Amino acid sequence: MSSPGDMRRGSACARACNATWPDNPKPTSKPKRRVDGQREQATGRWSDSRVGRSRTVARQRNTCRCRDLRRAQEFLEAGDPVSAEKCRKLNYVLHNSSLPNSVKLGKGARFAYGGIGIIVHHDCEIPAHACIGSDITLGGTPGSPFRLTADRRRLYVPLIDEHAFVATGACILGGVTVGKMAIVGANAVVLKDVPPLAIVAGQPAKVVSKITPDNALKYRGTFAAFRDKSQSEYIEFVASLSDECRSPSEIAP
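Start counting the sequence shown at 16; every next residue gets the next number (my numbering).
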């Protein structure tokens, strides 16, 4: 004699056998991918009222670091440090970079490749149209030569002046100034001031060439702000800057 359990199993089997099954059953939906806890915490959904739409900060992978920094500084000026800190965390997680919200960034300044792998001291100044490459370090060095700010403060961190170009892998330490339209070569180590229009390279960096009105067109593509200007405007700017400054001297080892 069958037990009640056997009878129930038999009824279930009978119903399964008599059921009508589709020829092409739909596959089951894939489980949602789990998001890393650190990234989920750092890139939570937040609203940017200045651009008029809500977004997930994780979607901003390819956003320029300059734009994110300016947005963070706008949040600070508006009295919203929480959103500013989210911008900083976003940059750290997505770009593997350290760019504090206190860095002074001029109009038109930019970071190559969105600013990957950069380390910038919180007191650094990057004025208008300067360009910073990837994997660079702009750091302070205690006991190094200092520079004076407009309000007569001593700073032991770099100033990258207008239109200066810092190539990939460069390391600039201490209170040095990279002059206007100067070029710092890839992987250079800069420990002393770089004159305007100078081209430096090496470890430690030394002046290897100079931009003049005669050879200026050779370097025009380096300066993004002049790519849409005429040749005459670009050369005229170089000539006027050359007249303002003395000839660059070699950086002492």
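Ideal placement from N, C-alpha and C gives every residue a C-beta, glycine not left out.
Remember, it's a predicted structure, so these values are computed and weren't measured experimentally.
If the criterion is Cβ atoms closer than 9 angstroms, does the pair A179 and A197 meet it? yes
Do L188 and S159 have their C-beta atoms within less than 9 angstroms of each other? Yes; because the gap between Cβ atoms is below 9 angstroms, this pair is in contact.
Which residue wins for smallest C-alpha separation from I131, given the options G155, S113 and H137? Among G155, S113 and H137, the Cα nearest to that of I131 is on S113.
Do you know how far the Cα of S257 is from the Cα of P142? 19 angstroms
Whole-angstrom C-beta distance between D208 and V191, which should lie under 8 angstroms: 5 angstroms
Rounded to whole angstroms, what's the CA-CA distance from A124 to H144? Just pull it up for me. 4 angstroms
Three-state secondary structure (DSSP) of I151: The answer is coil: DSSP assigns I151 none of H, G, I, E or B.
C-alpha gap between P46 and D138, whole angstroms: Note that P46 scores a pLDDT of 47, beneath 50, so its modelled location is shaky; the value from the coordinates is reported in the next line. Distance between the alpha carbons of P46 and D138: 46 angstroms.
Comparing alpha-carbon positions, which option in E251, Q218 and S245 lies nearest P228? E251
In angstroms with no decimal places, state the Cα-to-Cα distance between C186 and C146. Their backbone Cα atoms lie some 14 angstroms apart in a straight line.
Beta-carbon gap between A220 and A201 smaller than 9 angstroms: no
Cross-strand partners of T192 (DSSP beta bridge): L174
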